[in-house]
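Below is one structure, written out as structure tokens; comments come after it.
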Amino acid sequence: MRRGHPSLSHPGIAALYAVTVLFLSIVPAHGQDSLDNDDIEDSVNALLEGALTVHINARVVDEDQNETVWKMDVTRVTIGGRSVMVQMEGRNIRVVAEFTPYWESEDQLLLVAQGQTWIETERGEEPEYRTSFTTFPISLGEPILFLPLGTGHLPVDTARYGRLNIELEINVERYQS
Amino acid sequence: MSIFRNDAYDGATVSRYLDGELPVHEEDRFTAALETDAGLRNTVEQMRRVTGILGTDIDPGTVQAAQNRIAAALAETLRYRYRAPVPWWQRQISLPMPVMAAASVLFIIMAVGLIINPGILANRYYNVGDVAGNNPVNLQVQVSGAESDLLLNWLDEQNDVGSVTIQLPEDAQFQLRGEPVFLRPSAADTDEDDLEIVPLEVSTE
């Protein structure tokens, strides 16, 4: 043993080492925090860059008066390939519309849209079912209109409620502008 | 003492004298020389003592002691050259004094820190409301790229993503006008134009 180098038993060194490692592992290291935060920020940014905001404007219009009698705005967030489903439920109607945006280019999307309508014409009868499926190449911010009841005029002049139509306007934009 | 005489009786002659191997006339002359030559007598005495020692039996105890001394010296040498395995709990290492001092200080600091604040080892959960009070709270949500689905599912649970249910006016009733259709607003305007009522031309013929 060299002079000036006191000896320490092996268990003592092991215990000291273990305690030191334990202490250092539980004490926050600012450098490590900043590194983790950078990684997280990158991940979140990557996620948000591909995220989309789907603005939904549902309205009931009186076509005779050419006015909107009721409307509601909802916004949902999604990413490419994940759908946003809108359900509208009324007294004699149920509408389900599903919109799935896919990124085509930097500012272009392919919007896959499916609409289903169940409507009860007279109480006690089986509800009528209609469906439609289409795809739209759209630009970011370009609105799409869904008319679950169709666009035609009613064959007969019915009461006021019969003149109402439903419009669903969809507007897809980038989550981070 | 005569150098010449000593040279006349070398060691071999002295040895032969002591062994009684000299001829009679030489032995007489050698005996006469011993009386006059003190150096020769001295030489004879020394050789006689050596011969006596060589002829004496060796003490076994002396031999055993010598063996023990040799074995001890050999073992000491081998102990340095070929050390036997030492259990890890008996091993020792040497450290410079500054390292020992630094390690000791660090250990003491850690021990004091743990004593003062033992909660440092435990996970801490706070109720945001309790902590924040009226103060603004800055929350950071950590999400990795591979966990985007989890994030969306979580947002879905918060009613920010996925499906939305819209309750139409309770008193409104609707009728089908055709097939459900998706349009661009510009196309819808065109459809309205297409549906514009054009007066019939009346033939005058």
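Going down the list, the protein sequences come from chains A and B. Just remember that our numbering sits 4 ahead of the position in the first sequence, which is counted from 1. Just remember that our numbering sits 15 ahead of the position in the second sequence, which is counted from 1. Glycine included, C-beta positions come from ideal geometry on N, C-alpha and C.
Which residues in the same chain have their Cβ closer than 7 Å to the Cβ of residue i, if we skip the five residues on either side of it in sequence?
i, result
"E93/A", "none"
"P131/A", "W122, I123, E124"
"A27/B", "none"
"Q78/B", "It is worth fixing the name first, because residue 78/B is Val in this sequence and not Gln. So the list is empty, once near-sequence residues are dropped."
"E108/A", "L114, P141"
"I124/B", "none"
I'd like to know if residue i contacts chain A, where contact means its C-beta is closer than 9 Å to some C-beta of that chain.
i, result
"R192/B", "yes"
"R199/B", "yes"
"D25/B", "no"
"Q61/B", "no"
"V196/B", "yes"
"D208/B", "Below a pLDDT of 50, predicted positions are generally treated as unreliable, and D208/B, at 46, falls in that range; the measurement from the model is reported next regardless. No, no contact with chain A."
Residue i bridges to which residues according to DSSP?
i, result
"Q120/A", "V100/A, T135/A"
"A55/A", "I83/A"
"S143/A", "Q112/A"
"Y106/A", "L114/A"
"F150/A", "L172/A, F197/B"
Which residues in chain B sit within 9 Å of residue i, going by Cβ to Cβ distance?
i, result
"V90/A", "S178, V179, T180, I181"
Could you work out which residues of chain B lie near residue i, taking near to mean beta carbons separated by less than 7 Å?
i, result
"A62/A", "I181"
"G156/A", "R192, G193"
"T138/A", "F197"
"A117/A", "F197"
Quick one: list the residues of chain A neighbouring residue i, beta-carbon separation under 9 Å, in chain order.
i, result
"E185/B", "G94, R95"
"V65/B", "What V65/B touches in chain A: nothing, since even the nearest Cβ is about 49 Å away."
At the 9 Å Cβ level, is residue i part of the contact set with chain B, yes or no?
i, result
"L153/A", "yes"
"L168/A", "yes"
"W74/A", "yes"
"R134/A", "yes"
"G145/A", "no"
"L3/A", "Outside the shown range of chain A (5 to 181) lies residue 3/A, about which nothing can therefore be said."
"R178/A", "no"
"Q120/A", "yes"
"E173/A", "yes"
"T104/A", "no"
"S109/A", "no"
Counting only Cβ pairs nearer than 8 Å, list the residues of chain B close to residue i.
i, result
"V78/A", "V179, I181"
Between which residues of its own chain and residue i is the CB-CB distance below 6 Å, once the five residues before and five after are set aside?
i, result
"H59/A", "T79, N175"
"I142/A", "L113, L115"
"V73/A", "V64, D66"
"E102/A", "S87, M89, Q118"
Tell me which same chain residues have a C-beta within less than 8 Å of the C-beta of residue i, skipping the five on either side of it?
i, result
"V59/B", "V29, Y32, L33, L49"
**Stretch-stretch touch, CB-based, cutoff 8 Å, three pairs: the stretch 113-125 of chain A with the stretch 135-143 of chain A** = Contact between the stretch 113-125 of chain A and the stretch 135-143 of chain A is present, with at least three C-beta pairs closer than 8 Å.
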